[in-house]
Amino acid sequence: MAENVKPAPPAEGAGAPLGDSTEKQIEPVAPQSTESADKSLEANTEKKEIEEVVSGTAGLAIDEKKTEEPMPPVAPQPAVGVESLPTEASQKASDTVPITTTGPSTVPTVGDSGTAAGAAGAAPGIAMTETGAIAETPAKAPAAAPAAAATADSAAPGTWPETAADHPLTKFYETIDELVQQSGHDEVYGIKLAKSNEFHTKLILQKFLRANANDLEKAKEQLLETLKWRKEFDPTKAAGESFDKTKFDGLGYIIEVEGVPESENKKDIVTFNIYGAVKDNKATFGDLDAFLRWRVGLMEKSVQKLDLSSATKPIPNFGEGADPYQGFQVHDYLQVSFLRQDPLVKAATKKTIEVLGRYYPETLSRKFFVNVPVVMGWLFNATKLFIAKETVKKFTVLSYGNQLATELGQSIPKEYGGTKEALSQVGEGMQFAA
1 MAENVKPAPP AEGAGAPLGD STEKQIEPVA PQSTESADKS LEANTEKKEI
51 EEVVSGTAGL AIDEKKTEEP MPPVAPQPAV GVESLPTEAS QKASDTVPIT
101 TTGPSTVPTV GDSGTAAGAA GAAPGIAMTE TGAIAETPAK APAAAPAAAA
151 TADSAAPGTW PETAADHPLT KFYETIDELV QQSGHDEVYG IKLAKSNEFH
201 TKLILQKFLR ANANDLEKAK EQLLETLKWR KEFDPTKAAG ESFDKTKFDG
251 LGYIIEVEGV PESENKKDIV TFNIYGAVKD NKATFGDLDA FLRWRVGLME
301 KSVQKLDLSS ATKPIPNFGE GADPYQGFQV HDYLQVSFLR QDPLVKAATK
351 KTIEVLGRYY PETLSRKFFV NVPVVMGWLF NATKLFIAKE TVKKFTVLSY
401 GNQLATELGQ SIPKEYGGTK EALSQVGEGM QFAA
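Per UniProt numbering, residue 1 is the first one in the sequence shown, and the count goes up by one each step.
Here it is, written out as C-alpha cells:
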C-alpha cells in the first residue's frame with residue numbers, strides 16, 4: 001500500500017541577523033555556443049527552482065556570531081528517515097561549512113503521489129526558515145564595540161556593566177525616550193523600555209545591537225519598526241487568544257527542558273512546529289490574517305517563557321559570548337513530502353518569514369530539522385554552498401526524530417528519544433475556542 005505522505009511547505013524560519021546585503025561580483029564570461037547557452041539557461045532555471053523550494057533558511061533571529069562547531073553526526077537508527085535542509089543566505093562558497101546531518105545516504109521508497117493524502121495539497125509552510133526571501137549576512141566585518149569598564153560576568157546580578165560614552169549600547173540607551181515617543185509604544189517582549197528600568201531596557205537594546213552586528217543606526221531602525229508593529233498587532237494579546245481548533249490543533253507546542261548538553265541554563269525553552277498535523281491547507285492557511293495571528297501568538301508565548309523580566313545576567317557584547325536568553329526550535333517533517341507547494345501555504349510562509357524575521361531578533365539559539373526525507377539530500381547538497389558559515393553552525397539536520405535527545409537531552413518527549421510522555425501530552429499549545 002502506498003505510504004501516506006503529505007506534500008511539503010516552503011521553508012519558514014525567523015530572523016537572520018540584519019545587515020548590508022552582499023552583491024555577487026559579476027565575472028566576464030567568454031561567448032557561449034548555442035548548446036552551452038542552453039545548458040547555462042537550464043542550470044540557472046534549476047537554481048531558481050531550488051531557491052524557490054527552500055525559500056531561505058535562517059532561524060528565528062539567529063545570531064551570526066562565532067559559536068562552537070555542531071555536534072558530530074550520530075549513527076542512523078531504524079525508522080523512516082531523512083537528510084537535508086533548506087538554505088538561508090546567498091554567500092560565497094568560501095564562507096560556508098557543512099551542516100550537521102545524520103542518517104542513511106540511500107533514498108527510500110516513497111509513497112504513491114496519487115494517494116488521498118497526496119491529493120490533499122501541500123503540507124504546512126511555516127518552517128525551515130523565518131527569514132525574508134533569502135536574507136544575506138553582512139559582507140564586512142562587524143563593528144567592534146569599544147571596551148566596557150566591566151564585563152557581563154563581573155557585574156553584580158541585575159546590574160549592567162558600565163559602558164564607555166562611545167559604546168553602541170550607551171548611545172542606543174540615550175535615544176530610548178525619543179524612540180518610545182516616536183512609536184507611541186514602550187514594550188518589547190514584556191519589558192517596559194524606560195530610563196527608570198535600566199537593566200532590562202539595556203537587555204532588549206543589546207539584543208537589537210547583536211542582531212545588527214553593533215550597527216547602531218540599523219538597530220535603532222529595527223527597534224522603532226518593532227515598537228510600531230507591536231502597538232498595532234498586539235502580539236501579547238495574540239498569545240492569550242483562543243483559536244479555531246479545527247484549523248490549528250496539533251501544529252505547535254512549547255515545552256520546558258532541563259539538562260540540554262552544553263547549555264548554561266538550568267532550564268531551556270523548546271518550540272515544536274509539526275507540519276504533518278495540517279489536515280486541510282485551505283482551512284489552516286486560507287485566512288492569512290487568522291493564521292498569522294496564531295503563528296505570532298505561538299512565537300510570543302515562547303518568548304514569554306524566557307521570562308526576561310526576571311533576568312539578572314547581562315547579555316555580552318556582540319562577538320564576546322552567547323546570549324543566554326534564547327530558545328530552541330524544532331521543525332518536524334514526519335510524513336511530509338517536498339514535491340509540491342500549495343499557493344496558500346506559500347503566501348502564509350512568506351508573511352510569517354517577514355514578520356518573525358523582522359520583529360523577533362535574537363530569540364533563537366539553535367534550530368533542529370527532524371524527519372527530513374532522505375530524498376531531499378540532493379537539494380541540500382545543491383544549496384549548502386549558499387548558506388552563511390555562521391548560520392550553518394546554528395542548524396542541525398536529523399534523519400530520525402528519536403535522535404533529537406542526543407542534542408537536547410533526555411527531558412524531551414519519547415517520540416524524540418527522551419523520557420517524557422508524548423508531545424501532545426506534555427507540550428503547551430495555543431488556547432482553542434470551545
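The beta carbon of each residue, even a glycine, is placed where N, CA and C say it ideally should be.
*Determine the extent of the alpha helix (DSSP H) in which K367 is found, giving its start and end residues.*
Stepping through the sequence shown from its first residue, residue 367 is reached at position 367. It is not in any alpha helix (DSSP H) - K367 instead sits in the beta strand (DSSP E) that spans L364 to V370.
*Cut-off 8 Å between Cβ atoms - residues of its own chain near L308, not counting five sequence neighbours on either side*: By one-based count along the sequence shown, residue 308 stands at place 308. Here the set comprises Y189, G190, I191, H200, L203, I204 and Y325.
*CA-to-CA distance, Q341 to D323, given in whole angstroms*: Locating residue 323 in the sequence shown gives position 323, where the first residue counts as 1. Locating residue 341 in the sequence shown gives position 341, where the first residue counts as 1. The straight-line gap from Cα to Cα measures roughly 36 Å.
*Output the boundary residues of the beta strand (DSSP E) element that contains K267.*
Here residue 267 corresponds to residue number 267 of the sequence shown, with the count starting at 1. Unbroken beta strand (DSSP E) run through K267: K267 to I274.
*From V374 to S337, what does the alpha carbon distance come to, in whole angstroms?*
On the sequence shown, residue 374 is found 374 positions in, with the first residue counted as 1. On the sequence shown, residue 337 is found 337 positions in, with the first residue counted as 1. Their Cα atoms are separated by approximately 11 Å.
*Please go through the same chain and pick out, in chain order, the residues whose beta-carbon is closer than 7 Å to the beta-carbon of T226, but skip the five residues on each side of it.*
What you label residue 226 is simply residue 226 of the sequence shown in a count that begins at 1. Only V188 and Y359 meet the Cβ criterion.
*Taking only the alpha-carbon atoms, compute the straight-line gap between T109 and S399 and give it to the nearest angstrom.*
Along the sequence shown, one-based indexing puts residue 109 at 109. Along the sequence shown, one-based indexing puts residue 399 at 399. Note on T109: pLDDT 29, under 50, position unreliable in the model; no value is reported.
_Counting beta carbon pairs with one atom in the region 215 to 234 and one in the region 264 to 275, are three or more of them shorter than 8 Å?_
Too few Cβ pairs lie closer than 8 Å, so no.
*Give the range of the alpha helix (DSSP H) segment to which Q410 is assigned.*
Along the sequence shown, one-based indexing puts residue 410 at 410. Note, Q410: premise wrong, no alpha helix (DSSP H); not H, not E.
*I think G327 touches S310, with their Cβ atoms under 8 Å apart; what is that distance to the nearest whole Å?*
As a first step, residue 327 is located in the sequence shown; it is residue number 327 there, counting from the start. As a first step, residue 310 is located in the sequence shown; it is residue number 310 there, counting from the start. At roughly 15 Å, the Cβ-Cβ gap does not stay under 8 Å, so G327 and S310 are not in contact.
*Between which two residues does the alpha helix (DSSP H) harbouring I353 extend?*
Position 353 of the sequence shown, counted from the start, is the residue given in the question as residue 353. Looking at the DSSP string, the run of the alpha helix (DSSP H) that includes I353 is P343 to Y359.
*What three-state label does DSSP hand L398 in the structure shown?*
Along the sequence shown, read from residue 1 onward, the residue named residue 398 stands at position 398. Looking at L398 - three-state DSSP - the assignment turns out to be strand.
*Could you check if T159 is buried or exposed, using at least 16 other CB atoms within 10 Å of its CB as the buried criterion?*
Locating residue 159 in the sequence shown gives position 159, where the first residue counts as 1. T159 comes out exposed.
*For Q329, which three-state DSSP category applies?*
Counting from 1 along the sequence shown, the entry for residue 329 is found at position 329. Three-state result, Q329: strand.
*Could you check the C-alpha separation between E221 and K420 for me, to the nearest Å?*
One-based indexing of the sequence shown puts residue 221 at position 221. One-based indexing of the sequence shown puts residue 420 at position 420. About 43 Å.
*Would E178 be called buried (16 or more neighbouring beta carbons within 10 Å of its own) or exposed?*
In the sequence shown, residue 178 corresponds to position 178, counting from 1. With fewer than 16 Cβ atoms within 10 Å of its Cβ, E178 is classed as exposed.
_C-alpha gap between residue 509 and A239, whole angstroms_ = One cannot answer for residue 509 here, as it falls past the ends of the chain, which runs 1 to 434.
*According to DSSP, residues forming a beta bridge with Q431*: Position 431 of the sequence shown holds residue 431. Answer is S242.
*When the Cα atoms are used, what is the spatial distance from L423 to E264?*
Within the sequence shown, the letter at position 423 stands for residue 423. Within the sequence shown, the letter at position 264 stands for residue 264. Using only the alpha carbons, I get a separation of about 24 Å.
*asked:* I'd like to know whether the C-beta atoms of R210 and E428 end up nearer to each other than 8 Å.
replied: For this step, residue 210 is matched to residue 210 along the sequence shown. For this step, residue 428 is matched to residue 428 along the sequence shown. No. Outside cutoff.
*May I ask whether a heavy atom of the ligand ZN can be found less than 7 Å away from the beta carbon of V188?*
What this structure holds is no ligand at all, so the ligand ZN is not there to describe.
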